[in-house]
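In our numbering, the protein residues as written are 283 to 975.
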C-alpha cells in the first residue's frame with residue numbers, strides 16, 4: 283500500500299522524534315497518550331462522518347438543470363404563450379465554453395482538480411482547521427463547491443464543521459458517479475453571476491454581449507474572479523475591485539502555466555471593459571396572463587406531485603393565438619398614439635413645473651426624496667433640491683405620465699377567455715390591468731341600471747325628462763348629476779336613447795326608481811363578483827372601482843341572453859408525453875337576468891354604436907356586424923373604457939395611468955370613445971376580416 287507523498291514527508295520528519303522518545307520512557311508514555319488521543323479523535327470523526335452519510339443528499343443527476351423542462355402555457359391551437367422557468371439559464375456543453383474559462387477556473391479555484399477524487403486533502407485539512415478557528419473562509423474543491431450549489435438545503439449554509447463534512451461526503455459521491463468533464467460542465471452551467479444570469483453562457487451574454495465560446499482571457503478572468511463574491515466583485519457596480527480580482531486570476535493562470543510571463547504582464551495593464559446588458563427572458567405574447575396563472579399552477583403542481591419548472595407540463599388554454607396577437611398590436615398602436623398626446627400635454631410649462639402642487643406632491647412621494655430625508659436632509663431642502671434637478675424631474679415625468687391600458691376578450695357562449703393584454707409593455711409595467719387593477723368604470727356601469735329597470739318591467743320606449751336632477755343623500759346633502767358642460771334639453775327621452783347617448787340625468791332618475799341595492803345585486807350576479815360595490819345613488823355612474831375582467835364577464839351575460847358564465851382560461855394539463863393529467867370543465871351557466879330583459883338591454887346598447895357615443899365602431903372602423911356596446915369615461919377623464927359585444931365575442935379595453943391623479947389633460951382624448959374604443963375597434967375589424975370571429 284502506498285501513501286500520499288505529503289504523508290510520507292510528514293513521517294520522515296517525525297522519525298527522529300520517535301527515536302529520541304524510545305531512549306526516554308517517560309516521554310514515550312506521553313507520546314503514547316497523545317497518540318491514543320489522536321486515534322480516539324480520528325475514530326470519533328470517522329463515526330461522525332458515518333452518522334452524517336444518511337443525511338447527505340442522494341445523487342441522482344447533477345445535470346438535472348440540463349434536462350429540466352419548464353412548463354409551457356399554450357394557446358388553444360397549441361402555439362406557445364409562455365414558459366415557467368426557475369432561472370434565466372442556457373445550458374452549453376463544455377466543448378462550447380472557451381478554454382480560457384476552464385483554465386481560469388481550475389487555476390484559481392482548484393489547481394489539483396484533475397488529480398483528486400473530489401477532496402484536496404491538503405486544502406480540506408487546512409479548511410477544517412480554519413473553520414474550527416472561526417474563519418468562514420475555506421478552500422473547497424470545484425466538486426465541493428458544486429455540491430454546495432446544487433444541494434444548499436441538504437448541506438446547509440452555516441460555516442460549521444458539519445457543513446464541511448456534508449459537503450465533502452457529497453463531493454465524493456459526485457466524483458464516484460461523474461467524470462471530471464461532466465463535473466466542470468455542470469459547475470459552469472449552474473453557478474450564479476447576478477442579474478438573474480445563471481451559468482457561464484448567460485454571464486457571457488450579460489457582461490460581454492457574446493456567447494461563452496467567444497470569451498477571451500480577460501473576459502474569462504473577470505467572470506471567474508466574480509465567483510469569490512459576485513456582489514463584491516460586481517464589474518458593473520464595483521469595477522475597480524473587479525479589475526483587481528481579474529488580475530489576481532491572471533496571476534494564478536501564470537503561476538499554473540496557462541499564461542506566459544510576457545502575456546500576463548501585458549494583460550494586467552489592460553482596463554476593465556464590459557458591455558453590460560441585462561438578459562430579459564422572452565415574455566411571449568401573453569405574459570400578464572401567465573403571471574396571473576402562476577400561483578394557481580404552482581398550487582396544482584404541488585398537490586399532484588409535479589414541478590411547474592422542471593417536469594415539462596403542458597397547460598392548454600382557451601386563448602386564441604391570432605386574436606391575442608391582434609390585441610397586442612392594437613394596444614401597442616393606440617398606446618403609442620396616446621403617449622404622444624400625454625407627452626405633449628405634460629411637457630407644457632403650465633403642466634409639469636416645480637410650482638404645480640401635484641408635481642411637488644409626486645416629488646415628495648418619490649424614492650429619491652425619501653432617501654434624502656432618511657439620510658438626514660430637511661424635508662424642505664430635499665424637496666427644493668429635487669425640484670431644481672431637471673434630469674430627475676424629466677425621469678419622474680416619464681414614469682408618472684406613461685399611458686397604460688388593459689384589454690380582454692371572451693366568448694360569451696362558453697366563458698372562454700380569448701385574449702388578455704395586461705399593459706402596454708410587460709417589461710416596463712408587469713402590473714396587470716385586466717384582473718388586478720381596480721378602476722372606476724364610469725358609464726360602462728350604466729347597463730346594470732337599465733338591466734335592473736327592464737327586469738322590473740320598464741320598457742326601452744318608456745320616457746323620462748332630460749332635466750336637472752336633485753337626489754337627496756341625507757344629512758342635508760344633495761347629489762346633482764350633470765352631463766358635463768351640456769345642459770339638459772328639458773325634453774322627454776326614451777330609456778333606450780338615454781343609454782345610447784349616455785345621459786347621466788336619465789340614468790340617475792332611473793336609479794332612483796330601481797334602487798341602488800337592486801343595481802348592485804344585479805351587477806354582482808352578472809359578473810362583478812370580487813370588487814366591493816358602494817350601494818349609493820352615484821353607483822349608477824360607475825363610481826365603485828372594478829376590474830376589466832369583471833366588466834367583460836358581466837357584458838358576456840348580456841350577450842348570452844342573461845346567462846353568466848365564469849371566465850375560463852385553462853382547459854387541460856398534460857405531462858410532457860401528452861398524457862392528460864386533469865381536464866378543467868366549464869362551470870354551468872347561471873341565469874342572472876331574464877331573457878326578455880337581456881334582449882331589451884342588448885337592443886338598447888345597439889343604439890350606442892348605431893347613433894350614440896360609440897358610433898365610431900360603424901363610421902371609423904367600418905364594422906357592420908351585429909354588435910352592441912358602451913363607452914365609459916370617469917370624472918376628470920381619468921379612465922377611459924369601451925366594451926363591445928358580438929354573439930361570439932365580447933371585448934373590453936381600459937386606458938389610463940397607474941396614478942389616478944394623472945390624466946391626458948384633454949376633454950377629447952380623455953373620453954373612452956377616443957382612448958379605449960380604437961383598441962376594441964381595431965381588434966374587431968381585423969378579427970372579422972380574418973374570420974377569427
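For each residue, glycine too, the CB sits at the ideal point set by N, CA and C.
Under a 10 Å Cβ-count criterion, residue 430 is classified as buried, with 16 or more other Cβ atoms of the shown protein chains found around its own Cβ. In the structure shown, the three-state DSSP call for residue 453 is helix. Pairwise C-beta distances place the segment 781-800 out of contact with the segment 708-720, as fewer than three of them are shorter than 8 Å.
Membership of residue 928 in the beta strand (DSSP E) is indicated by the continuous run 922-928. Our two residues, residue 848 and residue 811, have alpha carbons roughly 10 Å apart in a direct line. Residue 753 sits away from residue 805, with the two beta carbons spaced by 8 Å or more.
Distance between residue 612 and residue 558, taken at the CA atoms: about 33 Å. Distance from the Cα of residue 498 is smallest, within the candidate group 713, 401, 556 and 466, for 556. Only residues of its own chain outside the window of five on either side were considered, and among them 736 and 742 have a CB closer than 6 Å to the CB of residue 882, listed in chain order.
DSSP places residue 863 outside any alpha helix (DSSP H); the residue lies instead in the beta strand (DSSP E), whose first and last residues are 862-865.
Boundaries of the alpha helix (DSSP H) harbouring residue 794: 786-796, taken from the DSSP string.
Taking all protein chains in view, the Cβ of residue 724 is crowded by 16 or more other Cβ atoms within 10 Å, so the residue is classified as buried.
Inter-residue distance for residue 388 and residue 522 is about 24 Å (C-alpha atoms, whole angstroms). Apart from sequence neighbours up to five positions away, the residues of its chain that approach residue 623 with a beta-carbon distance below 6 Å are 946 and 951, ordered along the chain. Taking C-beta atoms as the reference points, residue 857 and residue 595 count as a pair closer than 8 Å. Between residue 526 and residue 380 a beta carbon distance of about 22 Å is seen, past the 8 Å cut, so the two are scored as non-contacting. A Cβ-Cβ distance of about 4 Å is found for the pair residue 568 and residue 363, placing them in contact under the 8 Å criterion. For residue 373, no alpha helix (DSSP H) run applies, since DSSP gives it neither H nor E.
About 5 Å separates the beta carbons of residue 863 and residue 855, which is inside the 8 Å limit, making them a contact pair.
Looking at the DSSP output, residue 774 sits in a beta bridge with 747. In this structure, residue 506 sits away from residue 699, with a CB-CB distance that is not shorter than 8 Å. Considering only 818, 897 and 403, the residue with the shortest C-alpha distance to residue 447 is 403.
Contact annotation: residue 879 and residue 844 have beta-carbon atoms nearer than 8 Å. The alpha-carbon separation between residue 489 and residue 894 amounts to approximately 57 Å.
When rounded, the separation of the alpha-carbon atoms in residue 722 and residue 359 is 35 Å.
Assignment of residue 689 by DSSP, reduced to helix, strand and coil, places it in the strand class. In the three-state reduction of the DSSP assignment, residue 588 falls in the coil class. By the Cβ neighbour-count rule, residue 518 is exposed, with fewer than 16 other Cβ atoms within 10 Å of its own.
Assignment of beta-bridge partners to residue 366 by DSSP yields 353. Counted as a single uninterrupted DSSP element, the beta strand (DSSP E) harbouring residue 700 occupies residues 699-703. By DSSP's assignment, residue 914 forms a beta bridge with 923. A residue is called buried once 16 or more other Cβ atoms fall within 10 Å of its Cβ, and residue 686 is buried on that count. Beta-bridge partners of residue 934 (DSSP): 690 and 925.
DSSP places residue 949 outside both helix and strand once states are collapsed to three, so it counts as coil. By the 16-neighbour rule on beta-carbons within 10 angstroms, residue 564 is exposed. In this structure residue 773 is exposed. Its beta-carbon is surrounded by fewer than 16 other beta-carbon atoms within 10 angstroms.
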